[in-house]
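Numbering (this note's numbering), first residue to last: 22 to 98.
Quick reminder that beta carbons are idealized off the backbone N, C-alpha and C, glycines included.
Note that this is a predicted model, so its numbers are computed, not measured.
Notes follow once the structure below has been shown.
Spelled out as structure tokens, the structure:
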């Protein structure tokens, strides 16, 4: 999280990656379990939109759609 705060959109693999449509993933592993937090940037903030345990090679569409939906809710607020 410190690197994300410091580097913002410049943070890249292996710690983070751009997914699509302004959604990024924060990547980390603990006790042999891979976790992902999908986030986006809003003004000068990082907004954590959705977290999950990664079980497949790619981010599943439904996980991305949850984050994108929450981003739209954020924008309307």
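CB contact flag (residue i, residue j, <9 Å)
| i | j | result |
| --- | --- | --- |
| residue 56 | residue 39 | no |
| residue 63 | residue 89 | no |
| residue 36 | residue 47 | yes |
| residue 41 | residue 85 | yes |
| residue 61 | residue 95 | yes |
Whole-number beta carbon distance between residue j and residue i, since they are thought to touch under 8 Å
| i | j | result |
| --- | --- | --- |
| residue 67 | residue 25 | 6 Å |
Classification of residue i by the beta-carbon crowding that lies within 10 angstroms, buried from 16 upward
| i | result |
| --- | --- |
| residue 83 | exposed |
| residue 92 | buried |
| residue 58 | buried |
| residue 44 | buried |
Residues sharing a beta bridge with residue i, DSSP
| i | result |
| --- | --- |
| residue 48 | 57 |
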